[in-house]
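Going by this note's numbering, 41 is the number at position 41 of the sequence shown; the sequence numbering is gapless. Beta carbons: idealized from backbone N, C-alpha and C, even for Gly. The structure appears below as structure tokens.
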Amino acid sequence: MVNEKVPTEKNKERTLLMKHLQDYTAKNNFDYFIHKDLGGFLRRELDFYIKNEVMFLDDLDATRIMEHLAQVKAIKLVGEKIITFLAQLEDFQKKLWLKKKFV
Numbered sequence: 001m002v003n004e005k006v007p008t009e010k011n012k013e014r015t016l017l018m019k020h021l022q023d024y025t026a027k028n029n030f031d032y033f034i035h036k037d038l039g040g041f042l043r044r045e046l047d048f049y050i051k052n053e054v055m056f057l058d059d060l061d062a063t064r065i066m067e068h069l070a071q072v073k074a075i076k077l078v079g080e081k082i083i084t085f086l087a088q089l090e091d092f093q094k095k096l097w098l099k100k101k102f103v
């Protein structure tokens, strides 16, 4: 059964076992990197985003400035919580990656 032929155009001799092995490796073979300082990077990006996309200094109205600042603070607070969570995950992955391998 595993030696049953399941040919493709490129490989006429492919077996059922090879097909399943190729499918498995295609699904489970991916490349990623672990960021050295994800928290710092995302905090800088959050500040950049707030300065360039949220705080439009030319459009600030003196009567609504406190409302606008409250909005900026809320975005910053939520962003910081998300960044802290993601940085913890990334640090954990880094520790796992750097852990001695006993193989």
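8 Å CB neighbourhood of residue i in its chain, flanking five on each side removed
i: residue 13; result: 5 and 7
i: residue 54; result: 71, 72 and 75
For residue i, three-class secondary structure by DSSP
i: residue 8; result: coil
With 16 other Cβ atoms within 10 Å as the buried cut-off, status of residue i
i: residue 89; result: exposed
Contacts around residue i, its chain only, beta-carbon distance under 7 Å, and the 5 residues preceding and following it disregarded
i: residue 83; result: 39, 42, 43 and 46
i: residue 15; result: 2, 3, 4, 5 and 6
Supposed contact pair residue j and residue i - C-beta distance, whole angstroms, cut 8 Å
i: residue 94; j: residue 34; result: 5 Å
Sequence-distant residues of the same chain with beta carbon closer than 6 Å to residue i, five excluded per side
i: residue 68; result: none
i: residue 87; result: 38 and 39
Cβ of residue i within 7 Å of any chain C Cβ
i: residue 18; result: No chain C appears in this structure, which consists of one protein chain only.
Every unbroken alpha helix (DSSP H) inside the stretch 45-70 [4 residues or more]
none
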